[in-house]
Each structure stands twice: as C-alpha cells, then as structure tokens.
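> Residue numbers (my numbering): 326 to 732.
Backbone N, C-alpha and C define an ideal beta-carbon position, used for all residues, glycine too.
#1: Can you tell me which of the three DSSP states residue 626 falls into?
#2: Can you give me the C-alpha to C-alpha distance between residue 575 and residue 532, rounded to a whole angstrom?
#3: Given a cut-off of 9 Å, decide if residue 397 and residue 564 are closer than it, judged by their beta-carbon atoms.
#4: Is it true that the CB of residue 423 sits closer than 9 Å to the CB of residue 484?
#5: Once you ignore the five residues that flank residue 716 on each side, which residues in its own chain have a CB closer than 7 Å to its CB?
#6: Assign residue 363 to one of three DSSP states: helix, strand, or coil.
#7: Check whether the Cβ atoms of residue 471 and residue 501 sit closer than 9 Å, and answer yes or no.
#8: Among the residues of its own chain, which have a CB less than 6 Å from the CB of residue 638, if the five just before and after it don't count?
#9: Mapping the DSSP letters down to three states, classify residue 712 as helix, strand or coil.
#10: Would you mind working out which of 432, 415, 487, 467 sits nearest residue 288, comparing C-alpha positions?
#11: Can you tell me which of the three DSSP states residue 428 falls into?
#12: Check whether the segment 589 to 606 and the segment 388 to 402 are in contact - that is, three or more C-beta pairs closer than 8 Å.
#13: With a 10 Å radius around its C-beta and 16 neighbouring C-beta atoms as the bar for buried, classify residue 730 as buried or exposed.
#14: Counting C-beta neighbours from all protein chains within 10 Å, is the total for residue 340 16 or more, i.e. buried, or is it exposed?
#15: Tell me which same chain residues have a C-beta within less than 6 Å of the C-beta of residue 622, skipping the five on either side of it?
#16: Look up residue 717 in the DSSP assignment and say whether it is helix, strand or coil.
#17: Under the rule that 16 or more other beta-carbon atoms within 10 Å means buried, what is residue 451, buried or exposed?
#18: Roughly how many whole angstroms lie between the Cα atoms of residue 449 and residue 358?
#19: When you compare each of 664, 581, 618, 524 to residue 338 by their alpha carbons, which one comes out closest?
#20: Count Cβ pairs between the segment 689 to 704 and the segment 594 to 606 that sit closer than 8 Å; are there 3 or more?
#21: Take residue 352 and list the residues in its own chain whose beta-carbon comes closer than 7 Å to its own, dropping the five residues that flank it on each side.
#22: Where residue 380 and residue 367 are concerned, what is the direct C-alpha to C-alpha distance, given to the nearest angstrom?
#23: Start and end of the alpha helix (DSSP H) containing residue 408?
#24: What residue range does the alpha helix (DSSP H) around residue 691 cover?
#25: Below 8 Å CB to CB, which residues in the same chain sit around residue 643 once its five sequence neighbours on both sides are set aside?
#26: Kindly indicate which three-state DSSP category residue 326 falls into: helix, strand or coil?
#27: Tell me, to the nearest whole angstrom, how far the beta carbon of residue 712 is from that of residue 674; I am working on the premise that it is less than 8 Å.
#28: Quick one, are the C-beta atoms of residue 480 and residue 678 less than 9 Å apart?
#29: Compare the beta carbon distance of residue 465 and residue 435 with 9 Å and say whether it is the shorter of the two.
#30: I want to know whether the segment 488 to 500 touches the segment 508 to 521 - three or more CB-CB distances under 8 Å.
#31: Enumerate, from N- to C-terminal direction, the unbroken beta strand (DSSP E) stretches of 3 or more residues contained entirely within the segment 449 to 479.
#32: Looking at residue 426 and residue 662, is the spacing between their C-beta atoms short of 9 Å?
#33: Would you tell me roughly how many angstroms separate the C-alpha atoms of residue 601 and residue 625, rounded to the nearest one?
#34: Identify every residue that forms a DSSP beta bridge with residue 589.
#35: State the Cα-Cα distance for the pair residue 705 and residue 611, rounded to the nearest angstrom.
#36: Determine the burial state of residue 703: buried for a count of at least 16 other Cβ atoms within 10 Å of its Cβ, exposed for fewer.
Written as structure tokens, this is what we have:
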C-alpha cells in the first residue's frame, strides 16, 4: 500500500471532524425546507442558516445581512462581477480593472463581459506576482465601475496590497471586489478595516464541504440576480438553501479564523521545512513573494522538466501535488500566472505547487523532499534538454518552439 501524502490543499481540503459533526444533523433528521417556516423542522433549518450566516460574517468582520450564500467561489465571483456591472450601483460606468493572475472564475467572467460591450483592463504583475499599483492609478478613470483583484494567488501564494487597492478604487468612485477564496482563514481579513466592498469565499479551501460559498456585499450595493426563482438570499441567489452546506461553511470559517494564529504558525513551519529541502535540488526556482505569501503555499519550477510527468511520478509514491502546466487537458500553454510573472515558456512548464494544511506532518514533508529529489533526478536523466547535469537552454527553447503554441 502506498501512503497518501496530500499536499494539494489549495485545490481542496479534507473536511474536519468539527465540520462533519456540525453538518450531520442537517443531512439526516433536520431536513426541513427553511422556507417552510410554519412548522418546526422548517423553522429549525431557518435558525441554523441564520447562525451559519452570523459565523461567516464574524469571520470577515461584516454584518450577517451582508452575506449572500452561493454555490461556491466561482458563483460568488460571477455574482459580484456580472451582478454588479448590470445593476444600478455601477452608475452606468462600463470599465472593469482586474489583474492578469486572477482565478479563471474572474478572468473568464471579465472576458465574457468584454463580449457584452464592457471594457476591461488586465493589470500586469511584477516578478513576485504583486499587481502594478502605478498602472492601476493610470488606468482608473471616471468610467471605472469595478476593481476586482484577488487577495492571495492560488498558484504562487502572493498576497496583494488590498488596503491600497481599495483606496485607489474609492478615490475614483469605483467599487472594490476581492476574490478571497484562498485567503479566508489563512490570513487576517477584516472587510471594514481594509475597506473592501465585496468579497468571495468558499468552504472547501478551509476544511469545509464543496459546493457552498458566500459573497460579502457591503450594505447599499445593489446586485442584479444571476438566478431567478423563489426569492432566497434576498432574491439574488434563488434556490432552496443548502442548509447542511451553510452550517458546514459557518463552522469551517469559525474554526479557521478563531484558531488561525495557531494553525498558520504550524503550517508555516512545515512549509519552511519543505522549501528548505526542495531548494537543495539544483536549477530550482521558488515562485511568488518569499515573505508576504500564504502560509501553506510552496510553488517551484524545475528547469528541464515537464510538470505533468512530475505529478504522475509523485502520485506513484502517493504524493498529491499540482502543476500549472497542463499538456493533457488540451491546453499546451503553461500557467497564465507563471507567464505573467515573466518566467520563460520552457521553464514555466516544470512547475510544481505543494500546499500544506494542519493535517500534514513533518514526517510527510521529509518524505515529499526525499521522493521529489529522486523524481526530479530521474526525469532530468530522461530529458532531451538536460546535458551533463545542467539544462541546455538552446535545446529547450528550440523544443518549445516546435512543440508548443505561442500566444
């Protein structure tokens, strides 16, 4: 039996005992529809929902009435961007500013809105993945309705200067949305202190269930519904409520935010141990901001290696990680994030993201370092662009030119 060493917590996380226990009654005996408030089982479901809403609100420092439950982070991002741009709060402005390293839930939503006649500016980032604030100041205008910039990047872990971005947006009369799917519970986030107007979050990145998330919408901001129906979630996200999911999200947020300092100190220690071991492998680069980053995220690129082969080999040892480059998914391009931080095409293909959580151990980290070191050596020995213990970059760029599509 190969072990299971799960180091892909940025993709999803195992549900915690607390969350499972909190959800269980609402999946079994408490199955009433919250809209059926005339009888007890419906009333109880409604109360559980109110409690969950209050817990989510407390975790980010807003009022429970400002939380709209959604079917996850992608739905929250779509609701924030489409729902806002189509509504009265956009004041007829047609311009959106985002960044080149956003999650696809934001990027593809913005691309869709471009096809509908809106104008979108995609900000550049520096080599560590921070958005260009000077470019933001230059591009923002009286036609800018919305600035949407993620709190922390899902691939390289870099944290953005949210308070500064909010200030620039507000000075121009624009609204600021942040996709905080990777950030909630992993870093301090107070929407009032940071002056964030809308914020997306999801349960399954914090040991909660999949398929449930939330959008914080500051009082006074009007959104147009994405889903019409029976008037649930103030008529903005209709559909019979996922009570068990909401309860799970509330518990996950409470747990992650109340114990954040303790959990994240532990996770950061594991990550530092991992980075120290992996960086002993020659021709390896650590990507993202080395300091101001998510505690559990370690992202690397290995020269002369293809990321997919790396993931498949690691899986043979029971290690789960992820890569930004995807040749099998029909996309021959390396990660848009690694391209945006300026990595050369041929190097960006050898990316590996390892993301740790509180359930990981030091022994697992040591096992990852040991196996990864072996796997990288094996793959390089087979690589056409590896010669005498070093990458042959001319061969690499020629190979890239022949086998990969350039934008």
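Working from what's here:
#1: Strand.
#2: The alpha-carbon atoms of residue 575 and residue 532 are separated by roughly 11 Å.
#3: Contact: no.
#4: Against a cut-off of 9 Å, the Cβ pair of residue 423 and residue 484 comes out as no contact.
#5: Within the same chain, residue 716 has close Cβ partners 608, 628, 629, 710.
#6: It is coil, neither helix nor strand.
#7: Judged by their CB atoms, residue 471 and residue 501 are nearer to each other than the 9 Å cut-off.
#8: Within the same chain, Cβ atoms closer than 6 Å to the Cβ of residue 638 are found at 700, the five residues on either side in sequence being excluded.
#9: Taken through DSSP and simplified to helix, strand or coil, residue 712 comes out as strand.
#10: Residue coverage of the chain in this structure runs from 326 to 732, which leaves residue 288 outside it and unanswerable.
#11: Correct three-state label for residue 428: coil.
#12: Contact between the segment 589 to 606 and the segment 388 to 402 is absent, because fewer than three Cβ pairs lie under 8 Å.
#13: Residue confidence for residue 730 is low, a pLDDT of 41 falling below 50, so the modelled location carries little weight; the figure read from the coordinates is stated next. Exposed: under 16 other Cβ atoms inside 10 Å.
#14: Within a 10 Å sphere around the beta-carbon of residue 340 sit 16 or more other beta-carbons, which makes this residue buried.
#15: Taken in chain order, the residues that qualify are 482, 680.
#16: Here residue 717 sits in coil by DSSP.
#17: Residue 451 is exposed by the Cβ-count criterion.
#18: C-alpha of residue 449 to C-alpha of residue 358: approximately 47 Å in a straight line.
#19: Ranked by how close their Cα comes to the Cα of residue 338, the residues 664, 581, 618, 524 have 581 in first place.
#20: Contact between the segment 689 to 704 and the segment 594 to 606 is present, because at least three Cβ pairs lie under 8 Å.
#21: Result list for residue 352: 569, in chain order.
#22: Each residue's Cα considered, the two are about 20 Å apart.
#23: It spans 398 to 410 - the alpha helix (DSSP H) in which residue 408 sits, taken as one unbroken run.
#24: Here the alpha helix (DSSP H) through residue 691 covers 687 to 707.
#25: Correct list, in chain order: 327, 328, 329, 330.
#26: Assignment of residue 326 by DSSP, reduced to helix, strand and coil, places it in the coil class.
#27: Not a contact, Cβ separation roughly 18 Å.
#28: Yes, Cβ-Cβ distance for residue 480 and residue 678 is below 9 Å.
#29: No. Outside cutoff.
#30: Contact between the segment 488 to 500 and the segment 508 to 521 is present, because at least three Cβ pairs lie under 8 Å.
#31: Runs of beta strand (DSSP E) with 3 or more residues, each lying fully within the segment 449 to 479, are found at 469 to 473, listed in chain order.
#32: Yes, these two residues count as a Cβ contact at 9 Å.
#33: Across the structure, residue 601 and residue 625 are spaced so that their CA atoms are roughly 12 Å apart.
#34: DSSP, once it has assigned bridges, lists no residue as partnering residue 589.
#35: Distance between the alpha carbons of residue 705 and residue 611: 18 Å.
#36: Classification of residue 703: exposed, given that the 10 Å Cβ count is below 16.
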